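Chains as they are written, first to last, in this note's numbering: chain A, 8 to 329; chain B, 8 to 329.
Glycine is no exception: its CB is placed at the ideal position from the N, C-alpha and C atoms.
Since this is a predicted model, take the numbers as computed values, not measurements.
Notes follow the structure.
Number of protein chains: 2
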Amino acid sequence: MTATGTRPRNDSTRSERRPFRGVLVPALTPFTVDGSPDQATFVSFCIWLLDQGAHGLAVFGTNSEANSLSVEEKIDLLDRLVGAGLDSARMMPGTGCCALPDSVRLTAHAMKLGCGGVLMLPPFYYKGVSDDGLFRSFAEVIERVGESRLRVYVYHIPPVAQVPITLGVVERLLAKYPAQIAGMKDSGGDWNNTKAFIDAFATSGFDVFAGSETFLLQNMRHGGAGCISATANVHPGPIARLFDTWRAEGADPQQARLDVIRSVFQKFPMIPALKSAIAHHGKDAGWASVRPPLVAFTPGQANALIADLDRQQFAMPGLAAR
Amino acid sequence: MTATGTRPRNDSTRSERRPFRGVLVPALTPFTVDGSPDQATFVSFCIWLLDQGAHGLAVFGTNSEANSLSVEEKIDLLDRLVGAGLDSARMMPGTGCCALPDSVRLTAHAMKLGCGGVLMLPPFYYKGVSDDGLFRSFAEVIERVGESRLRVYVYHIPPVAQVPITLGVVERLLAKYPAQIAGMKDSGGDWNNTKAFIDAFATSGFDVFAGSETFLLQNMRHGGAGCISATANVHPGPIARLFDTWRAEGADPQQARLDVIRSVFQKFPMIPALKSAIAHHGKDAGWASVRPPLVAFTPGQANALIADLDRQQFAMPGLAAR
């Protein structure tokens, strides 16, 4: 990894096993007026994210409203991204669904397109499931997809999925699938949990991504791999820059600035807030739409957010020009 | 409704608006050795349930592992039931998914097949969603399906979905869609909540089904419409009989006997327990299979369950002969 500015490079051995490091964006999904995914706007937005310095695209995450999209809609969006020439090796689409056949279908499609990896939620309908059941859920997808080059990042997000991924599950998965189990995203918001996974598995080549840039510097200093963060949708450049320069002087003030911007968004419901910010700064009102069960911002909420962001000199350079 | 033994009849006006009363079974889904839904066994089992006296089939419920099935698998199973000559008017398939297009597709298919109604979960990935967001979720499905004969039963199961359906949401839905919003299943396990919905909406023709036969007699005495219960998979005859005779003498002892049998199953994880009981009493070991994230019983668990059931002289008449 370089110390300043430029895109980080992995040593080649590591790179073959673990394709991602840095700041990945769980790209938001724009909708047209009839409520369908707006494919053209999605592609254009993903290009902007990479142009800003994001290291990868974790499309179909929680903030992408991925579970409000059908499998077919996700396949179409992924096809469209790859068709537009974006590098699939830099994509880590979310492919974990409640139904095993859906997870297998999406994961196999991502592999067919050459995606660098997949981010996999556990099945999230049943609660209180056993470690054995969770292990089998991931194992069945890996077995059925049957691709040695598959790289799975397990997705721990107990505040939403309500189904946590334990150290025990990862230990069993790594023992059985050491090549395929590549890492995790920890969106639990508890640094001690993130650190426990790094301590337990990082030396086995298991890459731990923090679920928020709030923990980015801390995560890198402890041996993590980066972050996959909602607010990277609106603040990709500065977050990526901290990753690119985290060993340099000035990393702490950078982190502090990221925290200020994130704290503004955290005062609001996150997904409609992010979309409202993009609608405003990208001069594209359609971006504010969300799918039920989420609700778009009222003009009053949007104005309050924008005023708060203006007070922090927040900007999204180049977005409106696209 | 008749007082004893025979199948209940509604008065015709009510029947046109609200097609279901009685005991509906959230039919379990059997799997073949390769993990696919076992369509032939499913059809045969649903016929047995109706032969035992069940009043309807709420296929694709929580106990059906419905959220572990793809939309395509559910469509195929429903087609197979109807193709086998089962009366679709007595079917209330679960059609509520996380993704709006999936809920619309399944609901439209159920309407095409002539299903009497659908049981609709709220989108269950995002937690803490607003009443406005939940209202919009159901409203969008109703609008997009666009069938005046659609009958929606909303599905309140906070212990699993973690997204409750409030009185306020039902009030708004009933005001906007008085014909389509037909009732609910309350699987919250809190009789006071069930009663609150009956008190608020039963006089508007909103049919409240208890989520367990534990509350069947209480529900009927307070103006409810019946129950949709997991254990109706294994104990359909006696549960249906209580509904058919709830006004007669002897209803309380019947309820007490139902409670004894249910209490045996409640000592175990419900879905694998129900499937193990069917595997044993139906002499079909394949029935014990579940999909991840659930885990099938070990022989020891199965033996413990069967021994407990034997002590209660539990039987599933005619199942093994099918």
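Along the chain, where does the alpha helix (DSSP H) that runs through B/V176 open and close? L174 to K183
Output the distance between the C-alpha atoms of A/A239 and A/L31, rounded to the nearest integer angstrom. 8 Å
Within 8 Å of any Cβ in chain B, is that where the Cβ of A/F131 sits? yes
Note down the Cα distance separating B/R318 from B/G325, rounded to an integer number of angstroms. 20 Å
If we count the other Cβ atoms within 10 Å of its Cβ and call it buried at 16 or more, is B/G124 buried or exposed? buried
Where B/Q261 and B/P245 are concerned, what is the direct C-alpha to C-alpha distance, given to the nearest angstrom? 8 Å
For B/A309, which residues in chain A fall below 7 Å Cβ to Cβ? Correct list: empty, because the minimum Cβ distance to chain A is about 16 Å.
Interface partners of A/A106 on chain B, CB under 7 Å: N74, S75, L76 and S77
Limits of the unbroken beta strand (DSSP E) element including A/I188: I188 to D193
Can you pull the chain B neighbours of A/K119, defined as C-beta to C-beta under 9 Å? Going along chain B, no residue has its Cβ under 9 Å from A/K119, so there is no contact; the nearest lies around 18 Å.
Relative to chain B, which residues along the region 273-292 of chain A have a C-beta separation below 8 Å, given in chain order? none
Using a Cβ cut-off of 7 Å, pull out every chain A residue sitting near B/S137, in sequence order please. V302
I want to verify the contact list: residues of chain B whose CB lies under 9 Å from the CB of A/G339, in sequence order. In the structure displayed, chain A extends from 8 to 329; residue 339 of chain A sits before or after that span and is not available.
Relative to the alpha-carbon of A/T48, which residue among A/L316, A/I285, A/A311 and A/D266 has its alpha-carbon at the smallest distance? A/I285
Distance cutoff 8 Å, beta carbons only. Does B/E147 sit that close to anything in chain A? yes
Candidates B/T39, B/A182, B/R143 and B/V302, of which the one nearest A/K134 by Cα: B/V302
Short CB-CB distance (under 8 Å) between B/D94 and chain A: no
Measure from the alpha carbon of A/S211 to the alpha carbon of each residue in A/G231, A/T221, A/N226 and A/A217, then state which is nearest. A/G231
Starting from A/M277, follow the alpha helix (DSSP H) in both directions and report where the run begins and ends. M277 to H288
Within 8 Å, do at least three Cβ pairs link the region 265-275 of chain B to the region 290-301 of chain B? no
Would you say A/T13 reaches chain B, if we count a Cβ-Cβ gap shorter than 8 Å as a contact? With a pLDDT of 37 at A/T13, under the threshold of 50, the predicted position of this residue should be treated as unreliable, and no value is reported.
Taking Cβ positions, are B/V159 and B/I188 nearer each other than 8 Å? yes
Buried or exposed (CB count within 10 angstroms, at least 16 for buried), A/V40: exposed
On the DSSP letters alone, give me the boundaries of the beta strand (DSSP E) that A/I205 sits inside. Where A/I205 is concerned, there is no enclosing beta strand (DSSP E), although the alpha helix (DSSP H) it sits in stretches over W198 to F208.
Could you spell out the range, first to last residue, of the alpha helix (DSSP H) harbouring B/C234? Careful: B/C234 lies outside any alpha helix (DSSP H), inside the beta strand (DSSP E) at G233 to I235.
May I have the straight-line CA-CA distance separating B/D214 from A/A106, to the nearest angstrom? 30 Å
Just list the residues that DSSP pairs A/P44 with in beta bridges. A/F38
When the Cα of A/E154 is compared with those of A/T114, A/R179 and A/E178, which residue comes out closest? A/T114
Need the endpoints of the alpha helix (DSSP H) that B/A115 sits in, please. L107 to K119
Residue range of the alpha helix (DSSP H) that A/V32 falls in? Element bounds for A/V32: not the alpha helix (DSSP H) but the beta strand (DSSP E), G29 to V32.
Note the first and the last residue of the continuous beta strand (DSSP E) segment covering A/L126. V125 to M127
Determine which residues of the region 161-183 of chain B have a Cβ less than 8 Å from any Cβ of chain A, and write them out in chain order. P166, V167, A168, Q169 and V170
Look up B/Y133 in the DSSP assignment and give the residues it is bridged to. Partner(s): none; B/Y133 has no beta bridge.
Neighbour list for B/R109 in chain A, Cβ cutoff strictly below 7 Å: Checking the sequence, you will find Asp at residue 109 of chain B rather than Arg. Here the neighbours are S77.
Can you name the residues of chain A whose CB is closer than 8 Å to the CB of B/S211? The contacting residues do not exist; B/S211 stays about 24 Å from chain A at best.
Cutoff 8 Å: B/R143 Cβ touching any chain A Cβ: yes
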